[in-house]
Amino acid sequence: DTGVSQDPRHKITKRGQNVTFRCDPISEHNRLYWYRQTLGQGPEFLTYFQNEAQLEKSRLLSDRFSAERPKGSFSTLEIQRTEQGDSAMYLCASSPYRLRSSGNTIYFGEGSWLTVV
Amino acid sequence: GQQVMQIPQYQHVQEGEDFTTYCNSSTTLSNIQWYKQRPGGHPVFLIQLVKSGEVKKQKRLTFQFGEAKKNSSLHITATQTTDVGTYFCGPDTGRRALTFGSGTRLQVQP
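In order, the protein sequence lines correspond to chains A and B.
Just remember that our numbering sits 172 ahead of the position in the first sequence, which is counted from 1.
Just remember that our numbering sits 1278 ahead of the position in the second sequence, which is counted from 1.
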């Protein structure tokens, strides 16, 4: 399978616990994105990396959220001290990056569902 | 920042009827992508539009990019039950803003 893979697919955690999600992008893609999606809404941008550099973070990303991509390959998204409002699907996506405007299509993984109880 | 609006939010059609969703940006886009998300699934890439006035077709789906590159549309001819899902436009990968539209949820009644 050469698509974007995410792990775990489902996570139920108690409020206050920390959770970590992992994303393995398509191997030749140097951009990696994290989005959050709640029911009935479009994906909300959280952050993205180009190789190992984190280039942009949304203001939605509170101090409890941290993302890393240490070697420019897989990425992790950690949520500390989870709150019930963090319950959502966390989507990872990847794309190539070229200077020309075409071809930088974003491909999504199947998402990691988080339920905070 | 970039704002992307999609209309309508929801549409219910009878199987065989046509369907159109529109995406409007407050700023000029360098490109736009369309995605489909089935209930319980993840967004799946459909197409990318880059050129002003570009029209692309995929079987019963027709995608159009406006001349000013600030709006786009997706038209489905003769809907089928397999078309059910939410259709999203965005984002403009040529810019730092990576915003998706709010989506149009399509329900098709057999």
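Virtual Cβ for every residue (Gly too), placed ideally from N, Cα, C.
Query, Result
"Per-residue burial, B:Ile-1285 [other beta carbons within 10 Å of its own, 16 or more giving buried]", "exposed"
"Per DSSP, the bridge partner or partners of A:Ala-265", "A:Tyr-205 and A:Phe-280"
"C-beta neighbour in chain B for A:Leu-233, strict 8 Å", "no"
"Near-chain A residues of the segment 1297-1320 of chain B - C-beta to any C-beta below 7 Å", "Ser-1308, Asn-1309, Gln-1311 and His-1320"
"Test: A:Thr-277 CB closer than 8 Å to a CB of chain B", "yes"
"A:Gln-256 - DSSP class collapsed to helix/strand/coil", "helix"
"Of the residues A:Thr-210, A:Arg-203, A:Thr-174 and A:Ser-259, the one placed nearest A:Glu-228, counting alpha carbons only", "A:Arg-203"
"Close beta carbons around A:Gln-252, own chain, < 6 Å, minus the five adjacent residues each side", "Asn-190 and Arg-236"
"Within 7 Å of chain A by C-beta, residues of the segment 1347-1367 of chain B in sequence order", "Phe-1366"
"Members of the segment 214-229 of chain A that neighbour chain B once the beta carbon cut-off is set at 7 Å", "Gly-214, Pro-215, Phe-217, Tyr-220 and Glu-228"
"Contact with chain B by A:Phe-193, beta-carbon distance below 8 Å", "no"
"Residue-chain proximity (B:Gly-1381, chain A), Cβ-Cβ < 8 Å", "yes"
"Cβ shell of A:Thr-210 (< 6 Å), same chain only, five flanking positions each side left out", "Ala-260"
"Selection from A:Arg-241, A:Ser-199, A:Pro-215 and A:Val-289 that minimises the alpha carbon distance to A:Gln-222", "A:Arg-241"
"Proximity test, Cβ basis, 8 Å: B:Phe-1323 and chain A", "yes"
"Exposure label - A:Ser-199; buried when at least 16 CB within 10 Å", "exposed"
"Cβ pair A:Ser-283, A:Cys-195 closer than 8 Å", "In the sequence under discussion, the amino acid at residue 283 of chain A is Gly, which differs from the Ser named in the question. The answer is no: Cβ separation not under 8 Å."
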